[in-house]
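Reading through the structure tokens given below for one structure.
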């Protein structure tokens, strides 16, 4: 096995290190990802391409809804396991694997942080697919950023923002 390549990102004060998948496994995982999300990604790309002007973001919302609406719980768990087993985070001065501690205080009340981490892991593993300012990756990054901002400002039943 060749040299492992890692990248780091800080999300909400937590520094994550992700080791990229080896090329053969990455190709297999990209194929799975495209099979899982392909129809929704095609609808998203088509909506983005057809939308122009001020209403462009609204035009792609149905495709985003389809994208997230079609995932089953088992598929979400599989995505988390595939990509977050490649991640560590610094906790109390120690590097700790992320996947086994997903359901601890690391992400409580910060689901958008978990979404950002998963999106970052996928983007890092398939950088050539997600690079560029005019492609599908740019559209997805914009939507994830906007949706994450919306999730972070949600007011719960008490009226307090999380």
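Numbering (our numbering), first residue to last: 353 to 514.
Cβ coordinates follow ideal geometry from the N, Cα and C atoms, glycine included.
- Its chain contains 451 as the residues whose beta carbon lies nearer than 6 Å to that of residue 437, once the 5 sequence neighbours on both sides are disregarded; these appear in chain order.
- Annotation for residue 372: no alpha helix (DSSP H) segment contains it, and DSSP assigns it neither H nor E.
- If you check the CB distance, residue 359 and residue 370 come in under 7 Å.
- Apart from the 5 residues on each side of it in sequence, residue 447 sits with its Cβ closer than 6 Å to the Cβ of 440 in its chain, given in chain order.
- With fewer than 16 other Cβ atoms inside 10 Å of its own Cβ, residue 357 counts as exposed.
- Taking a C-beta distance under 7 Å as the contact criterion, residue 465 and residue 364 qualify as a contact pair.
- Around the beta carbon of residue 468, 16 or more other beta carbons sit within 10 angstroms, so the residue counts as buried.
- Rounded to whole angstroms, residue 428 and residue 449 show a C-alpha spacing of 19 Å.
- By the 16-neighbour rule on beta-carbons within 10 angstroms, residue 477 is buried.
- Put simply, the backbone Cα of residue 362 is about 14 Å away from that of residue 459.
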